[in-house]
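*Asks:* If you scroll down you'll find the structure; I have some questions about it.
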Amino acid sequence: MREAIDAVERGLALEAEGDAVGMGKTFVRFGAQRQALQALGAASASAGVAATKTWVQSPDGGWPLLVLFETSGGRRVAVVEATALSQLRTGALSGIATRLLAEPGADEMAVIGSGRQASTQVAAVAAVRKLRRLRVWSPTPAHRHRFAARMREAFGCEVVESPSAAAAAQGAPIVTAAAHVTTPVLSAAMLARGAHVNAVSVTVSGRAELQPDVLPRCASVCTDSLQAVRDLSDEFRAHYGARNAWGEVRSLAAALAAGMRRPPGADLTLYKGMGTGIADLALAIEVLARARLQGVGLKLPDLALADPRLSR
Numbered sequence: 190m191r192e193a194i195d196a197v198e199r200g201l202a203l204e205a206e207g208d209a210v211g212m213g214k215t216f217v218r219f220g221a222q223r224q225a226l227q228a229l230g231a232a233s234a235s236a237g238v239a240a241t242k243t244w245v246q247s248p249d250g251g252w253p254l255l256v257l258f259e260t261s262g263g264r265r266v267a268v269v270e271a272t273a274l275s276q277l278r279t280g281a282l283s284g285i286a287t288r289l290l291a292e293p294g295a296d297e298m299a300v301i302g303s304g305r306q307a308s309t310q311v312a313a314v315a316a317v318r319k320l321r322r323l324r325v326w327s328p329t330p331a332h333r334h335r336f337a338a339r340m341r342e343a344f345g346c347e348v349v350e351s352p353s354a355a356a357a358a359q360g361a362p363i364v365t366a367a368a369h370v371t372t373p374v375l376s377a378a379m380l381a382r383g384a385h386v387n388a389v390s391v392t393v394s395g396r397a398e399l400q401p402d403v404l405p406r407c408a409s410v411c412t413d414s415l416q417a418v419r420d421l422s423d424e425f426r427a428h429y430g431a432r433n434a435w436g437e438v439r440s441l442a443a444a445l446a447a448g449m450r451r452p453p454g455a456d457l458t459l460y461k462g463m464g465t466g467i468a469d470l471a472l473a474i475e476v477l478a479r480a481r482l483q484g485v486g487l488k489l490p491d492l493a494l495a496d497p498r499l500s501r
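For reference, each letter of the sequence shown is one residue, going 190 to 501 in the numbering used here.
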């Protein structure tokens, strides 16, 4: 995770310099269960590569594939099964935001959720703050128990299973929402003054993870994609769009470049993760370099262009 954070930081630096540009997330819903076909991507002139990632978000999760292309001739360079990559980049972005905005002495974290994203969220916070205690809540006790045991073994800190989301968040200086939710899981009453919140549960419209009373308390707010929160975050559109106050939200790339720090005496700070192709691209570049160095992966066949068959 520390190496993933470093790689994503390099990508955000390229974004701040205008060298890396992201493709806005696009999706289409279908089916009775409202599944979604989603895609996003990015390109870097200096790195000479572009990437696009696509997946179907279903009730059972998604299995994303990332395709890396050369920008010069457009040839494909690699295909990455990007489930682990996506977890790492989502966690890395939260880790960067936590390092910038959480209290320097924060040593206790509450995580709402116990799935794949939750584990890398904990790892990211542990990479930037020395965790003394972790509180865990998710709606299924068996999942919560297994997750707590894994986190205890992985990070060696005290891990407490909480009976509710409110009990987990109460008094915690770092609170991360990383559960599959359709209705808000965090309210202002649950959050202590001085807390930093990572909200990464919801990345599409039609769902929410924050009650409307959370954002008015936030002294500093940043996101990995300004375009995505404008287009897809119901909470942000209701609070910032209604007032045309988007200037109150900073991109994580700009915050990092400016050396942003938690404002003294801040009530709450918040990072909203929507997913950014620039972070995917940054990690894909690193994955490809290591695959080549270590000789791992399957060699793709050389391209051989052929005309389509026009008749039988």
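Even for Gly, the Cβ is constructed at its ideal location relative to N, Cα and C.
(1) I'd like the span of the alpha helix (DSSP H) that includes LEU290, first residue to last.
(2) State whether the stretch 408-427 contacts the stretch 480-499, with contact taken as three or more CB pairs (one from each stretch) at a distance under 8 Å.
(3) By the 10 Å Cβ neighbour count, where 16 or more other Cβ atoms means buried, how is ASP296 classified, buried or exposed?
(4) Could you tell me which of GLY360, VAL389, LEU320 sits nearest to VAL374, measuring between CA atoms?
(5) Could you give the C-beta distance for VAL238 and LEU226, rounded to a whole number, given that I count them as a contact under 8 Å?
(6) Inspect the beta-carbon positions of ALA196 and LEU441 and report whether they are closer than 8 Å.
(7) Does DSSP classify LEU375 as helix, strand or coil?
(8) Quick one: residues in its chain with C-beta nearer than 6 Å to the C-beta of SER394, no 5 flanking neighbours on either side, listed in chain order?
(9) If we ignore side chains and look at the alpha-carbon of each, how far apart do PRO401 and ASP413 end up?
(10) How many Å lie between VAL438 and LEU482 at the Cα?
(11) Is the stretch 351-365 close to the stretch 298-310, with three or more CB pairs under 8 Å?
(12) Using only the alpha-carbon positions, how far apart do LEU203 and MET340 sit?
(13) Please check the pair ASN433 and SER283, which I expect to be a contact at CB under 8 Å, by giving their CB distance rounded to whole angstroms.
(14) Confirm, please, whether the CB-CB distance from LYS242 to GLY251 is below 8 Å.
(15) Give the secondary structure of ARG501 by DSSP, where H, G and I count as helix, E and B as strand, and everything else as coil.
(16) For GLY484 and ALA473, I'd like the C-alpha separation in whole angstroms.
(17) Taking 8 Å as the cut-off, decide whether the C-beta atoms of ARG278 and ALA468 are in contact.
(18) Does DSSP classify TRP252 as helix, strand or coil?
(19) Give me the Cβ distance between ALA443 and ALA291, rounded to the nearest whole Å; I'm assuming they're in contact under 8 Å.
(20) Per DSSP, TRP244 is paired with what?
(21) So, under 8 Å CB-CB, LEU470 and ALA240 are touching, yes? Tell me the CB distance rounded to an integer number of Å.
(22) Taking Cβ positions, are VAL391 and ALA397 nearer each other than 8 Å?
(23) Answer yes or no: do ARG318 and SER327 have a C-beta to C-beta separation smaller than 8 Å?
(24) Hey, VAL325 and SER353: beta-carbon distance below 8 Å or not?
(25) DSSP on LEU445, reduced to helix/strand/coil?
(26) Does the distance from the C-beta atom of PRO253 to that of GLN222 stay below 8 Å?
(27) Is it the case that the Cβ atoms of GLY171 and ALA417 are separated by a distance below 8 Å?
(28) Once DSSP output is grouped into helix, strand and coil, what is the label at ALA431?
(29) Bridge partners of PHE219, per DSSP?
(30) Counting along the chain, where does the beta strand (DSSP E) carrying LEU457 start and finish?
(31) I need the boundaries of the beta strand (DSSP E) containing GLU350, first residue and last residue.
(32) Does DSSP classify GLU142 as helix, strand or coil?
(33) Using a Cβ-Cβ cutoff of less than 7 Å, which residues in the same chain neighbour ALA355 once the five nearest sequence positions on both sides are dropped?
*Replies:* Working from what's here:
(1) Looking at the DSSP string, the run of the alpha helix (DSSP H) that includes LEU290 is 272-290.
(2) The stretch 408-427 is not in contact with the stretch 480-499.
(3) Burial state of ASP296 is exposed, judged by a 10 Å Cβ sphere holding fewer than 16 other Cβ atoms.
(4) Out of GLY360, VAL389, LEU320, VAL389 has the C-alpha closest to the C-alpha of VAL374.
(5) Contact check for VAL238 and LEU226: beta-carbon distance about 24 Å, past the 8 Å limit, so the pair fails to qualify.
(6) Their beta carbons are not under 8 Å apart, which means ALA196 does not touch LEU441 by this criterion.
(7) In this structure, LEU375 counts as strand in the three-state DSSP scheme.
(8) Around SER394, the same chain offers LEU421, ASP423 as residues with beta carbons nearer than 6 Å, after the five sequence neighbours per side are excluded.
(9) Those two C-alpha atoms are separated by around 21 Å.
(10) Straight across, the Cα-Cα distance linking VAL438 with LEU482 is about 40 Å.
(11) At 8 Å Cβ cutoff, the stretches touch.
(12) Whole-angstrom Cα-Cα distance: 33 Å.
(13) Going by Cβ atoms, the distance from ASN433 to SER283 rounds to 28 Å, so no, they are not a contact pair.
(14) In this structure, LYS242 does not lie closer than 8 Å to GLY251 by Cβ.
(15) Here ARG501 sits in coil by DSSP.
(16) Distance from the CA of GLY484 to the CA of ALA473, rounded to the nearest whole angstrom, comes to 16 Å.
(17) Yes.
(18) DSSP places TRP252 outside both helix and strand once states are collapsed to three, so it counts as coil.
(19) The pair is not a contact, with the Cβ atoms about 19 Å apart (cut-off 8 Å).
(20) Partner(s): GLN227.
(21) The beta carbons of LEU470 and ALA240 sit about 4 Å from each other, so the pair counts as a contact at 8 Å.
(22) In this structure, ALA397 lies closer than 8 Å to VAL391 by Cβ.
(23) No. Outside cutoff.
(24) Not a contact, by the Cβ cut-off of 8 Å.
(25) It is helical.
(26) Result no, Cβ atoms of PRO253 and GLN222 do not sit closer than 8 Å.
(27) Within the shown structure, residues of the chain are numbered from 190 to 501, placing residue 171 beyond reach of any answer.
(28) Under the three-state reduction of DSSP output, ALA431 falls in the coil class, being neither helix nor strand.
(29) Paired residues: GLN224.
(30) Per DSSP, LEU457 belongs to the beta strand (DSSP E) from 457-461.
(31) Element bounds for GLU350: 347-350.
(32) With the chain covering only 190 through 501, there is no way to say anything about residue 142.
(33) Apart from sequence neighbours up to five positions away, the residues of its chain that approach ALA355 with a beta-carbon distance below 7 Å are MET379, ordered along the chain.
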